[in-house]
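K.L.:
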Amino acid sequence: MNLMKKTAGMALLAGSAASAQAAEGFEPRYNLAGSLGGEIFAPPDQTGWGFLTAATRVNVRRVTGDDGKDLSVPVPGATLAVPGLPDALQPSYGPGRATLHGDGTMTRMDVALGYLSAGQYGGGRLAFAVDLPFIRKDQRIGVSGATPSLTWPGPVPPAVQAGVASQFGGQYQAGLDGQGAAATGVLHGVGDVELMAGWQLVGERWRVLAGTSLVLPTGKYEADPQPDAGTGNFRTLRPALQLAYLPTPHTALGAKLSLGLNSRNRDNQLRSGNWFGVELAAGYKTPVGVVGLHALRVQQYQDDEHNPFGPSRFRSTNAGAFFTTLVPGLDAALTLQYIDTTASRNAKHGSFTQLRLVKLL
2 MNLMKKTAGM ALLAGSAASA QAAEGFEPRY NLAGSLGGEI FAPPDQTGWG FLTAATRVNV
62 RRVTGDDGKD LSVPVPGATL AVPGLPDALQ PSYGPGRATL HGDGTMTRMD VALGYLSAGQ
122 YGGGRLAFAV DLPFIRKDQR IGVSGATPSL TWPGPVPPAV QAGVASQFGG QYQAGLDGQG
182 AAATGVLHGV GDVELMAGWQ LVGERWRVLA GTSLVLPTGK YEADPQPDAG TGNFRTLRPA
242 LQLAYLPTPH TALGAKLSLG LNSRNRDNQL RSGNWFGVEL AAGYKTPVGV VGLHALRVQQ
302 YQDDEHNPFG PSRFRSTNAG AFFTTLVPGL DAALTLQYID TTASRNAKHG SFTQLRLVKL
362 L
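The opening position of the sequence shown corresponds to residue 2 in the numbering used here, with each subsequent residue numbered one higher.
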């Protein structure tokens, strides 16, 4: 049996796996593990129901800021209230910055069901799918920063200044530690469901898939720094166009362009800026399966609104490899792919490993 026969029409499902995250959590609702694999070799005339399951492991090494380094956040200045001192002698400290050190893991299992119409429309077939993710996150956050110096507006005995400074330093550092602890945690639960519809044309050399996905806020979400299975109380509309070209029967080139259009989060009034994604892949069919390279770039082209981190425009560039083969006796296509972040801004920087199984029923 042809290696890719069981993957025809399931590209719509492949694009959904591991995609549901929010830019306000330093991730977009996009499959950063990559969605172009051996499915770009899919032959024509495949119809009916299809099933996909995908297991994704994300290892986050750090969270980056506008400069690509560890995220830094502003810390406002204030005036202390020292008992026993008149208001005119109360010390103050100026604003500063603290560095956020974030790492952790996410394990995600997607279960998706798709359908390709038997009838043709404009030479292609209609495709529909629904994807339900199950998520486990282990998030660790640390906050560090230098204790600012106190400014005294008038003459205060040195011994009093030293005692106040010592106590202030301990309280300031404890506050930073508390902020990190408040954002550290482990959770598991159902994520945000994704509904997809599209049109697919598969010819001898060209494969075209045009579709739209709608991500709904079905996962549990709280407007606090703890990790969440859901990504926020907002919707994302994601139109996409995917093309594949086979210059020879054993080689294929693929490209995908996506847009992410977000509504406002009704829990915290934050609106994640809209973004675009570009994905490229090249594959070669061997006797044992398809091997290939893939790369992607996802970038916000619009500022966040009401985000405490500021405009926070997400940008992530990833590159990696994939292998797709036919599972003997199961008549299903199995894809193993790995991709690593090469550069990022306002994003979770790490690596993504995904094992994806697609079967026509």
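Cβ coordinates follow ideal geometry from the N, Cα and C atoms, glycine included. Because the structure is a prediction, the values reported are computed rather than measured.
Roughly how many whole angstroms lie between the Cα atoms of residue 180 and residue 102?
P.N.:
Spanning the two alpha carbons is a distance of roughly 12 Å.
K.L.:
Note down, in chain order, each residue of its chain lying with its Cβ closer than 6 Å to the Cβ of residue 50, except the 5 sequence neighbours on either side.
P.N.:
Cβ within range, chain order: 116 and 362.
K.L.:
Once DSSP output is grouped into helix, strand and coil, what is the label at residue 173?
P.N.:
Helix at residue 173.
K.L.:
Using three-state DSSP, classify residue 363 as helix, strand or coil.
P.N.:
No answer is possible for residue 363: it lies beyond the span of the chain, which begins at 2 and ends at 362.
K.L.:
Apart from the five residues on each side of it in sequence, which residues of its chain come closer than 6 Å, Cβ to Cβ, to residue 165?
P.N.:
Counting only Cβ-Cβ distances below 6 Å, and skipping sequence neighbours, we find 83.
K.L.:
Of the choices 157, 273 and 112, whose alpha-carbon is the least far from that of residue 135?
P.N.:
Per the Cα distances, 112.
K.L.:
Sort out for me which residues DSSP pairs residue 1 with in a bridge.
P.N.:
The question about residue 1 has no answer here: the residues shown for the chain are numbered 2 through 362.
K.L.:
For my contact list, residue 1 and residue 54 are in at a C-beta cut-off of 8 Å; report their separation, rounded to the angstrom.
P.N.:
Because residue 1 is not part of the residues shown, which for the chain are 2 to 362, the question remains open.
K.L.:
In three-state DSSP terms, what is residue 283?
P.N.:
Looking at residue 283 - three-state DSSP - the assignment turns out to be strand.
K.L.:
Would residue 314 and residue 303 be called neighbours here (beta carbons separated by less than 9 Å)?
P.N.:
The answer is yes: Cβ separation under 9 Å.
K.L.:
What is the DSSP secondary structure of residue 1, reduced to helix, strand or coil?
P.N.:
In this structure the chain extends from 2 to 362, so residue 1 is not present and cannot be described.
K.L.:
Taking the alpha-carbon positions, what's the residue 14 to residue 325 distance?
P.N.:
Its pLDDT being 45, under 50, residue 14 is placed unreliably by the model, and the measurement read from it follows with that caveat. Distance between the alpha carbons of residue 14 and residue 325 is about 15 Å.
K.L.:
So is residue 335 buried or exposed if we call it buried at 16+ other beta carbons inside 10 Å?
P.N.:
Buried, since its Cβ has 16 or more Cβ neighbours within 10 Å.
K.L.:
Which whole-angstrom value describes the C-beta separation of residue 146 and residue 346, a residue pair presumed to lie in contact below a C-beta threshold of 8 Å?
P.N.:
No, residue 146 and residue 346 are not in contact; Cβ-Cβ is about 21 Å, not under 8 Å.
K.L.:
So the beta strand (DSSP E) residue 127 belongs to, where does it begin and stop?
P.N.:
Segment 125-145, the beta strand (DSSP E) holding residue 127.
K.L.:
Where DSSP assigns a beta bridge to residue 323, which residues make up the other side?
P.N.:
According to DSSP, which records beta bridges pairwise, residue 323 is partnered with 293 and 338.
K.L.:
Among the candidates 43, 62, 127 and 224, whose CA atom is the shortest distance from the CA of residue 142?
P.N.:
For residue 142, the nearest C-alpha among the options comes from 62.
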